[in-house]
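Down below is the structure, laid out as structure tokens.
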Amino acid sequence: MASAPGDLEKAEASRTDYPNSNQTTENSDTRDGDVKNSKNAARLTKIFITSCVLGVLLDPLFLYIPLLNYDLKCLRLDNTIKIIALVSRLFTDIFYVGRIILQVCRFENCSPFVNRILPESCSSNVITSLIKCFRELLPEVTEVHKKEYLIPSITKEIWESSIIVDILAILPFPQVAILIFFPKMRVSGSFGKRIMNFLVMVQYVPRVLRIYLSCKKARKPFKGQIPLWLKGLLNLFLYILASHVLGAFWYFFAAQQMISCWEHACRYGNGCGAITFNCHDHQTLKNITVLNDFCPINPRDTTPPFNFGIYLNVLQSGALWSTDYPLKFLNSFCWGLRNLSSLASNLQPSFYTWEITFVAFISIIGLILFVYLIGNLQTYVLIDTERLESHRRENKLKRKLTENDRKVESWLSGHGIPLSRKQKIMEEIKRELEENSDFDVVREILSILPLEEIKSCSPLSRLRKVPLLKDMDEGVLVEISEKLHPEKYTPGKIIINKDETLQMMLFIVDGRVIIEKTDGSQLEHLGPGDFYGEELLVSPLWTSSSDAKPINQSVQAIDDVQALVLFVTDMATLSFSSRRYINELRMVVTILQKVPKLQTMDKQVLKAMSHHLSPVSYKRDDYIVRENQPVSRMFFVTRGEVTKNENPLEANFIGEELLEWVLDKSFPTILPLSTCTVRVVSNDAEVLILKARMLKNVVSKFMKHFSNFSSLSDIRLTWLKKVEIFQQMDEQVLEAICKCLKHMNFNVAKRHILQEKKPLKMMFFVIRGVVLIESDSALEVNVKNTCEIGSFYGEELVHWVTTWVHKSFPAKLPLSPGSALCSVRGGPVEILALKADDLKSVVYELRSKFITETTLPTDSDQPRELTILKNVEILKTMNEEVLKEVCKHLTEKTYKDEYIIMKDKQMEMMFFIVSGVVSVTNESSKHYLREGECPNHSGDELIQRWVRSKSTSVSAELPTSPSSFWAIGEVEVLILKAEDLASVQLGDRIG
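Letter 580 of the sequence shown, counting from 1, is numbered 580 in full-length UniProt numbering, and no numbers are missing.
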């Protein structure tokens, strides 16, 4: 059974494809509707055919209506038979009429009109339901033509349909002739009799034709659904039906023959005074003796005066004047069946044209039915013989399939083909065995496998899907494929245990498995074509190393699982050359996995990276990378000693920050700066390098594997959240602001990004280079000299915009408190700029995301100034009379982009913000005061000095301000000068 894996590839030349299984299927809803309509149509056809057959079976009752009175030599109608015949005829004609109406309504030119005249609903639910069902039977009309109601068009549709046959089938001409004209026929009316007989016989032509057309139309849907025994009954029924009809005609023609005899006697004798033989006429004028002598039914002479021919038997039986209906029907039926089966060979007709024609007709009908029966019998025998032969061949085929089933299953398992596809393959094998019973399944199985099976399921193909082995030497793959073992696992079986070292690599052929982590969380599901345990290829278990670690995942079967397994012991038995290839691969993957961000990376990605690694040698004191220089590559030290910022290098790699930028659109055109200096301290060192551009190519090819890395928007959010005011904003606002950040490049040293005392047009983040911050004001304090990568400048703009979010923005932007210039030493500068107009648009659009309530207490019954004073913590318990006296000294003042109070200057006043925002800076921090917040004032030192003046003597020297207060844009404040505050006498009015 075992064969080389390469045999699958070699079999492509002798391959036989499966029959085409990719045929286009109809929409499921349309298919269900078509099946339903087909079933309804078949059901209606069966009902109509049944009604037609019933009509042919009941129509002969009209031929039994004439009843002779032998004693009075007259004719009358049997009322009982007449009523039964009329009711049955009416019942069957209802189906014909319904079909005619439906056909007319379904005409293309009539259905629109019918749809319009039908009411939508009625007072009766039953009638409404019937109307709805009738509408469903009508065809859908998509376009109404101008000539749709023209008579020629309707006439054409009538001519092309079979509606004429239905109309002829229900015309009651023969019945009218029998019921009305036959009893009143004159003695000399022989021509009228011929016309009547012709109509009576011809009426069966459209009725039989309708049955034939309906059966022909319904033959295809019924094909294969009628069993042989039922077909035999149908043939027998044809004989019975024909016998019944011919017997009725025999009875009817016998009555005419007797009347003809009486007419003949009246014509040549002197015994008739009446011109008709209706019993309602005057029968007393007839000479009964003359009629009896001329028309004897039991003649004594061998040559009677009148020859009744084939009708003598029915006359002698007395059925023509008997009311014993069962006897009458059975006698006629028996006569018809006997003569039909003998092809009328025993009938001796008289020398009358009509009688001879009737006998010939019986012979022809009998012959046709006999030939039809013999043909069907031969067909049935042939079918039964073929069935028996087919059954014998099927049994033989089943035995062969059973014999080869285990062999095929073993072969499929060993060659990595799912057993779930065995049924399809066995069907193809069955087809081959049907054509050639000597077909060798095991030897020729490759020739019947489809090309896709060979390509996708062979062990070599499965090994090539493993990233680490994708470009491996063909000889190594063949050797590994020979080590694969077919295995089966039942549902719930633990295939690989967690907290144990990896012992196998699993290639799933069929079924599903689930991978669970140590904490019980489900990681993923694997199905046919997937594999698990790629780490086994680079595992130290089968090498001399002993640093293998337990895995933190388990693999459990969900369904019946068929798999190919490569055990760790099999890897240890590989040849020396194969092990050398694997060891080289293991070394490279192990080096890359020491990078934290690459520890869980897919092995296919790591292998792609390894293809771009190139070795570089360094000598003692060579710098591999310097601080603040662009990091253009990743470094992996394979030999030698290096230092990082003069300290030993803990890891063997440098440049991991490149992985932070792989999803940035500007990468690798713009590179991050190194934060450290790496130098060689040994005699020499060997390093594997991965260039940034090569890294970008790998990322572009395997983008989905880097989806868990920080995207550009994530990095921008991180930068935004370095600013305190952004930390308090809604995520939706931050995402909108991120979209407004624009890249700006400055390549000229000393070029101004922002100018002092000029409109603050933007806030920016430095992503490359160094930005200098300068101020011409000697009083400026706590301003950073430089902004490097990740730093920001211009946050005053954000505070200013958010302060005016619920009011109209001032016409002018606030002024920049300092100048931002490109540094000479930092090289070109790249920033992410948040422009004022963009920020205002975002804030205005999402203004509902910002808090509108003020934190100040409000009291509509007291002045605004008093409310503002009560917001000061030390004044909350102050006597209200004192506060009202202080309010008298408050004055309004407006500041525009200037210092309100400067650091280390005497506090000659304090202020309360009415509108706007103020920045507060000191040696260690910077914060902001704005309207509506608490606190929103300065000068607590002045108030404390004023309160202390009640009990102690206060120095005349004013306190100095610990911070600078800068008005961002236009700020409206209430000023309280120190001298005015000191003039308010506290006395004993402290609360």
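Glycine included, each C-beta is placed from N, C-alpha and C at the ideal position.
Cβ pair residue i, residue j closer than 8 Å
i, j, result
"residue 690", "residue 613", "yes"
"residue 974", "residue 959", "no"
"residue 163", "residue 94", "no"
"residue 489", "residue 381", "no"
"residue 810", "residue 970", "yes"
"residue 625", "residue 534", "no"
"residue 680", "residue 619", "yes"
"residue 557", "residue 594", "no"
"residue 66", "residue 54", "no"
"residue 309", "residue 239", "no"
"residue 805", "residue 850", "yes"
"residue 756", "residue 776", "yes"
"residue 248", "residue 322", "no"
"residue 97", "residue 241", "no"
"residue 686", "residue 643", "no"
"residue 588", "residue 617", "no"
"residue 278", "residue 75", "yes"
"residue 892", "residue 774", "no"
"residue 897", "residue 982", "no"
"residue 459", "residue 501", "no"
"residue 254", "residue 320", "yes"
"residue 995", "residue 764", "The structure shown does not extend to residue 995, since the chain is modelled only from 1 through 991, so no value can be given for it."
"residue 737", "residue 839", "yes"
Of the residues the options, the one placed nearest residue i, counting alpha carbons only
i, options, result
"residue 233", "376, 170, 332", "376"
"residue 196", "212, 177, 207", "177"
"residue 961", "940, 355, 697", "940"
"residue 604", "655, 698, 523", "698"
"residue 957", "968, 979, 938, 966", "979"
"residue 365", "387, 846, 336", "336"
"residue 509", "498, 486, 503, 499", "486"
"residue 847", "801, 635, 655", "801"
"residue 641", "803, 621, 627", "621"
"residue 835", "343, 384, 743, 684", "743"
"residue 484", "926, 881, 413, 892", "413"
"residue 888", "579, 977, 876", "977"
"residue 172", "929, 199, 194, 183", "199"
"residue 203", "825, 169, 212", "169"
Beta-ladder partner(s) of residue i, from DSSP
i, result
"residue 821", "752, 772"
"residue 636", "653, 688"
"residue 743", "832"
"residue 74", "69"
"residue 616", "687"
"residue 648", "643"
"residue 975", "891, 911"
"residue 595", "In the DSSP output, where bridge partners are listed per residue, residue 595 has none listed."
"residue 787", "771"
"residue 576", "Per DSSP, none; premise fails for residue 576."
"residue 566", "505"
"residue 64", "Answer by DSSP bridge pairing: none, since residue 64 is not bridged."
Cβ-Cβ separation, residue j to residue i (assumed contact under 8 Å), whole Å
i, j, result
"residue 823", "residue 770", "4 Å"
"residue 496", "residue 577", "Rounded, the Cβ-Cβ distance is 29 Å, inconsistent with contact."
"residue 723", "residue 795", "5 Å"
"residue 506", "residue 563", "5 Å"
"residue 645", "residue 677", "6 Å"
"residue 753", "residue 821", "7 Å"
"residue 964", "residue 902", "5 Å"
"residue 260", "residue 340", "At roughly 25 Å, the Cβ-Cβ gap does not stay under 8 Å, so residue 260 and residue 340 are not in contact."
"residue 532", "residue 523", "Contact flag wrong, Cβ pair sits at about 10 Å."
Checklist line | Unbroken stretches of the beta strand (DSSP E), 3 residues or longer, contained in the stretch 468-529 | finding: 485-489, 494-496, 504-510, 513-517, 522-526
Next item on the list: Please specify which runs of the beta strand (DSSP E), each continuous and at least 3 residues long, are wholly inside the stretch 674-700, giving them in chain order.
Entry: With a minimum length of 3 residues, the unbroken runs of beta strand (DSSP E) contained wholly in the stretch 674-700 fall at 678-680, 684-691.
Notebook entry, point to check: Which runs of the beta strand (DSSP E) spanning at least 3 residues fall entirely within the UniProt domain "Cyclic nucleotide-binding" (874-968), listed in chain order?
Noted result: 891-896, 899-901, 909-921, 926-930
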